[in-house]
Structures are given as C-alpha cells and as structure tokens.
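Residue numbers 4 to 291, in this note's numbering, belong to the letters of the sequence shown in order.
Glycine is no exception: its CB is placed at the ideal position from the N, C-alpha and C atoms.
First comes the structure, then the notes that go with it.
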Amino acid sequence: MWLIMSVMSAFFAGVTSILAKCGIKKTDSDVAMAIRTVVVLLFSWIMVFLVGSYGQISGIEPKSFFFLILSGSATGASWICYFKALSMGDINKVVPIDKSSTVLSVLLAIICFSETEHLLVKLCCTTVLAIGIFLMLEKKQTEKKDTNGKWMFYAVLSAIFAALTSILAKAGIAGVESNLGTALRTGVVLLMSWVVVILKGKQKQVREIDRRELSYISLSGLATGASWLCYYYAIQNGIVSVVVPIDKMSILVTVLFSFLVFHEKLSWKAFAGLCLMAAATLVMAICC
C-alpha cells in the first residue's frame, strides 16, 4: 500500500507544479503560496475529521510535535524558494533541481534511520539519479526570464529544505496518524507563508488576484494536499530511501504537462537524463 501511495503522491505533485505555474503568471509568488497553503490546510483538516484522528492531538508526544514543527518549517522554506524559482525560470529547469533533493534525502535516510538493506543498490541508483539530474540541467536558449540565473539559487535552496523535510517528517510522524501529522505541519507552513506576505507588505495584492489564476492556485492547493496525504502515509509506513525517489518521479508528470501546456520541449540530453532517473527509481522500488 505504501508503494501505491508513493506513486499517487508523485502524480499529484506533478500536477501541482503545472497548476502552480499557471497561477503565478501575474500573481506574486509569495501571495500565491499563502493562498495555496490555506487550501491545503482546509483539505488536510477535512481529511483528519473524516478519518476521525482529531482526538489523538492530546496524545502526541512533545518530541513528535517538535519534529513536526521543524518539518513544517523546512517545507515552508522549500515552498517559498520553489515558488520564487518557478516565477523566474522555465519549469523544466526548476523542477529537476528541486528533485535533486532525492539524492540528499536518500543519503540522510540511510544515515539517520539505518536503512542499509540493499545498500549497494541504493547507492548505485542514487548515483544514476544524480547523473540524470545533471543531464537535465541544461541552459535553454528560449529562456527569457532571469538571465542572471537567480532562479537556480532559489531552486537549490528549495531542494535542500525539501530533503530536510522528509527526514524531519519521518522522525515526527512516528506514532502520529499520517493525516493528523500532515494537518499539523501545514499549520506551520501557513503561518510562515503569511508572515512572509505581511513582512513584505504584499497583503493588499490578495484582493487584486486574477480570478482565473486564483482558480489555478486553489486547484494547486488541492493537488498538494492530496500529494501530502499520500506521501506522509508512505513515509510513515514505508522505507524513506525508496519512497522519496518514487515521489520525486512526479517530474515525469510535470514534463508531460509542461510540454502540453507551456510547449516546453526537452532536448535529447535532457530526455536521456529523465530516462536515467526513471530507471534508477524503478530499480529501487523493485529491489529495495
């Protein structure tokens, strides 16, 4: 079941990137993130009440609360950087860097949770993943935004925080129902996102958002909520060093839709990199 949930998480995460890109053509990335998080939080708590896990809040240990808060903080930081990168660069360039968090997540999982079974396979596949990511990081002549490459700085930060998110979530969600853990983490992300909006004085822009973009941002929030619920169920019940690579293969969905929606094509080099990433992830899912 946790393998199926990992695949579902990847699908919804891939759709999220496309919907998010559609929602920030005119809308400020910080404002879009804040609104999107409201949708995610509402969706998360609806799921908590549907499964009846709200009564477990009082029984959560302080240690779990601490790690859930840290995980939520890392997620918030990753989102802020990711949205900023998406608003500056091509989606086919930003997403591969963001997905490079897979390599760091696998290595941290091996160290922190002693996931050393099939260690050689994991290390070899992680190396292939890294090569695939490198092949996808190409400079496109069609890029018109951010010629100084500022998007890459934010994309790298997004990847680092995303890697920390997975590890901290695994530590915090132990003994906590996965839907409840997701809802609590999302509360931290919501707080962070609106603090950023207020500190930058962008709260007035909320009323000026284009209705069409608002609908895309809202749909992006729903897709994110679905992805998170699947992901943290898989993290709680499965092997982190396997769940993370499968989840990051949301790039397959993103690349497909970016071609259909934004007409962003891959070169043969980037396509080869994508194939390597998919192959390495498949081997890890089967063997580990």
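From the options, residue whose alpha carbon lies closest to that of residue i
i	options	result
Leu171	Val34, Ala88, Ser196, Leu111	Leu111
Cys278	Gly135, Tyr236, Cys233	Gly135
Leu259	Val10, Ile7, Phe14	Phe14
Gly75	Val209, Val179, Ala165	Ala165
Ala226	Arg215, Phe52, Ala16, Met8	Ala16
Thr30	Asp213, Trp48, Phe274, Ile289	Asp213
Thr72	Tyr85, Val191, Ala162, Phe116	Thr is not the amino acid found at residue 72; the sequence shown has Ile there. Looking at the Cα atoms, Val191 is the closest of the given residues.
Leu138	Ile100, Thr40, Ile114	Ile100
Trp271	Thr189, Leu140, Gln208	Leu140
Val209	Ser9, Val10, Ser32, Thr119	Ser32
Same chain, Cβ closer than 7 Å to residue i, five either side skipped, listed in chain order
i	result
Ala37	Ser196, Trp197, Val200
Tyr235	Ala172, Ile176, Ser181, Gly184, Thr185
Ser12	Ser230, Cys233, Tyr234, Ala237, Asp250
Lys147	Low local confidence applies: a pLDDT of 46 at Lys147 is under 50, so the model's placement there is unreliable, with the coordinate-based value given in what follows. Answer for Lys147: no residue qualifies.
Val97	Ala88, Leu89, Trp154, Ala158
Val106	Thr129, Leu132, Ala133
Gln239	Ile176, Ser181
Ala288	Leu6, Val245, Ile249
Cβ-Cβ distance between residue i and residue j below 9 Å
i	j	result
Ser81	Thr168	yes
Leu22	Leu217	no
Trp5	Gly241	yes
Leu193	Val34	no
Thr40	Gly204	no
Ile220	Ile27	yes
Phe274	Lys24	no
Thr257	Ser108	no
Tyr47	Ser104	Going by the sequence as given, residue 47 is Ser instead of Tyr. No; because the gap between Cβ atoms is not below 9 Å, this pair is not in contact.
Beta-carbon proximity list for residue i, same chain, < 6 Å, skipping 5 on both sides
i	result
Ser261	Ile94, Asn95, Glu267
Gly152	none
Ile254	Val98, Lys102
Val54	Asn182
Glu211	none
8 Å CB neighbourhood of residue i in its chain, flanking five on each side removed
i	result
Thr284	Cys128, Leu132, Pro248, Ile249, Lys251, Met252
Glu64	Gly178
Inside the region 192–256 only - beta strand (DSSP E) runs reaching at least 3 residues: none
Whole alpha helix (DSSP H) runs in the region 93–146 with 4 or more residues, listed along the chain? 94–102, 104–115, 122–139
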